[in-house]
């Protein structure tokens with residue numbers, strides 16, 4: 001079966017990539033009063049939506065995924081979670097080894113769940129994967145009520 005391609009999502013992904021590049025190349029001083037620095041700061045505030053764009057796309061495409069049985073779901077969960085979790089742990093190792101630890105076991109667990117990483121969104125994406133069947137069931141049983149509950153939860157955080 002051939003996947004349907006949606007150009008709109010490619011555009012959003014490209015825009016988010018440009019925003020990420022800008023975020024990582026930003027060098028203005030936020031405490032400066034210069035006009036250029038203020039413009040950079042304004043742009044920086046606008047482009048911080050890059051990660052939420054990627055997260056929303058992940059959630060959208062994951063919501064379209066239909067699993068035939070639990071075995072297929074768990075296979076998908078394992079392969080996709082490991083594919084993003086292992087690089088996060090590898091890139092967290094330098095900070096883990098540099099950091100002074102008072103509790104090595106606690107610090108190791110903290111690293112495994114993304115605590116020594118700037119990649120806070122990786123555990124969040126894995127949560128999307130884990131909770132996908134729950135969200136689907138909610139959507140089926142509650143319909144629009146699911147959306148309202150979800151929005152209330154997001155707003156209250």
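Numbering (full-length UniProt numbering), first residue to last: 1 to 157. Just so it is clear, CB atoms sit at the ideal spot from N, CA and C, and this is done for glycine as well. Since this is a predicted model, take the numbers as computed values, not measurements.
Within 10 Å of its beta-carbon, does residue i have 16 or more other beta-carbons around it, so buried, or fewer, so exposed?
i: residue 117; result: buried
i: residue 38; result: exposed
i: residue 8; result: exposed
i: residue 26; result: exposed
i: residue 129; result: buried
i: residue 18; result: exposed
i: residue 126; result: buried
Assuming contact is defined by CB atoms lying nearer than 8 Å, are residue i and residue j in contact in what I supplied?
i: residue 111; j: residue 92; result: yes
i: residue 50; j: residue 20; result: yes
i: residue 124; j: residue 57; result: no
i: residue 158; j: residue 47; result: Outside the displayed range of the chain (1 to 157) lies residue 158, so it cannot be described from this structure.
i: residue 76; j: residue 133; result: no
My understanding is that residue i touches residue j, with C-beta atoms under 8 Å, so please give their C-beta distance in whole angstroms.
i: residue 55; j: residue 121; result: 6 Å
i: residue 106; j: residue 88; result: 18 Å between Cβ atoms; not a contact.
i: residue 43; j: residue 16; result: With a Cβ gap of about 15 Å, residue 43 and residue 16 do not count as contacting.
Can you give, in chain order, each stretch of the alpha helix (DSSP H) that sits fully within the UniProt domain "Acyltransferase 3" (7-145) and has at least 4 residues?
Taking only runs of at least 4 residues, the alpha helix (DSSP H) segments lying wholly in the UniProt domain "Acyltransferase 3" (7-145) are 7-25, 35-47, 50-63, 70-98, 104-112, 121-142.
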